[in-house]
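Taking it in order: structure first as structure tokens, then the write-up.
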Amino acid sequence: MDAVSRIIRDEKKAMIELVVPGSVYRALFFQDRILSVIERLPAGVVGDGRRTIKQLIDSKNLSDKTNQIVIGPSEKETMDVQGVTLETIPGRGNEVLLRYDATSGTGNRSLEVLDEIDSSYLDELCRLAKALRLHDGALDIVIPNIYQRYDADHPEALIFLNAHATPELSMHENVLLIGNQNIAKKIVMMQ
């Protein structure tokens, strides 16, 4: 509640959201087809057993000029909860989250999962986009386990967050593990 108190004190208004278990995904649509589904990962660093969290952040910022991590109150609070500071040296392979949300402009990372997600979710996402009359755009959703089949009898299996008529393509293009995928070129080729 300290964070809420601070926000209300500084901003006078606060929006409170329901937190649900699962990972946040964004499905990108063009002409009623899903082009990409990414898992949106919050900003964080993985320890090497030698460098401080600050040094790991600086190194990450040098290698990724488009997705800079800036340490502000939210990042400090997230580190406090984990019992670490910028001077902590995390053990090799230990991940330190710097935020819990994975919103654009916070140093978040993306992982392409279109080939991994169970096809039942793709069907449900297409149904949802059609209901929203979203032919081109993106849907943000929470899914606890993309490998299990979607079951409509369990509404917690897919939580709709919001829709975007003009989504940011870059988060679908520069993804972990596979590097750059040219979503813009795919869109042009489909026209």
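Using my numbering, the final residue of the sequence shown is 1484, and nothing's skipped along the way.
Glycine included, every Cβ here is placed at the ideal spot set by N, Cα and C.
Original post:
If we ignore side chains and look at the alpha-carbon of each, how far apart do residue 1367 and residue 1391 end up?
Top reply: Along the sequence shown, one-based indexing puts residue 1367 at 74. Along the sequence shown, one-based indexing puts residue 1391 at 98. Using only the alpha carbons, I get a separation of about 8 Å.
Subject >> Limits of the alpha helix (DSSP H) - the one that residue 1350 falls within >> reply: Here residue 1350 refers to the residue found at position 57 when the sequence shown is read from its first residue. Residue 1350 -> alpha helix (DSSP H) spans 1346 to 1356.
Original post:
Can you tell me whether residue 1328 is buried or exposed, with buried defined as 16 or more other CB within 10 angstroms of its CB?
Top reply: Counting from 1 along the sequence shown, the entry for residue 1328 is found at position 35. With 16 or more neighbouring CB atoms inside 10 Å of its own CB, residue 1328 falls in the buried class.
**OP:** Starting from residue 1434, follow the beta strand (DSSP E) in both directions and report where the run begins and ends.
**Re:** Your numbering for residue 1434 matches position 141 in the sequence shown. It spans 1430 to 1436 - the beta strand (DSSP E) in which residue 1434 sits, taken as one unbroken run.
Original post:
Do three or more CB pairs link the stretch 1412 to 1432 to the stretch 1353 to 1362 at distances below 8 Å?
Top reply: Under the three-pair Cβ rule at 8 Å, the stretch 1412 to 1432 does not count as touching the stretch 1353 to 1362.
Original post:
Between 1435, 1442, 1440, 1401, which lies nearest to residue 1453 when the distance is taken from Cα to Cα?
Top reply: Translated into positions along the sequence shown, residue 1453 becomes position 160. Checking every option, the nearest Cα to that of residue 1453 belongs to 1435.
Original post:
Would you report the Cα separation of residue 1308 and residue 1332, rounded to the nearest angstrom?
Top reply: Taking the sequence shown and counting its residues from 1, one reaches residue 1308 at position 15. Taking the sequence shown and counting its residues from 1, one reaches residue 1332 at position 39. Rounded to the nearest whole angstrom, the CA to CA distance from residue 1308 to residue 1332 is 24 Å.
Original post:
What three-state label does DSSP hand residue 1405 in the structure shown?
Top reply: Here the question's residue 1405 lines up with position 112 in the sequence shown. DSSP places residue 1405 in strand when its eight states are reduced to three.
Original post:
Which value, in whole angstroms, describes the spacing of the CA atoms of residue 1303 and residue 1296?
Top reply: Residue numbering aside, residue 1303 sits at position 10 when the sequence shown is read from its first letter. Residue numbering aside, residue 1296 sits at position 3 when the sequence shown is read from its first letter. In this structure, the alpha-carbon of residue 1303 lies about 11 Å from that of residue 1296.
**OP:** Would you mind working out which of 1465, 1323, 1341 sits nearest residue 1387, comparing C-alpha positions?
**Re:** Within the sequence shown, the letter at position 94 stands for residue 1387. Considering only alpha carbons, the answer is 1341.
Subject >> Local conformation of residue 1456 per DSSP, three classes >> reply: Along the sequence shown, one-based indexing puts residue 1456 at 163. Three-state DSSP puts residue 1456 in a strand.
Subject >> Continuous alpha helix (DSSP H) stretch holding residue 1309: start and end >> reply: The residue labelled residue 1309 in the question sits at position 16 within the sequence shown. For residue 1309, there is no enclosing alpha helix (DSSP H), as DSSP marks it with neither H nor E.
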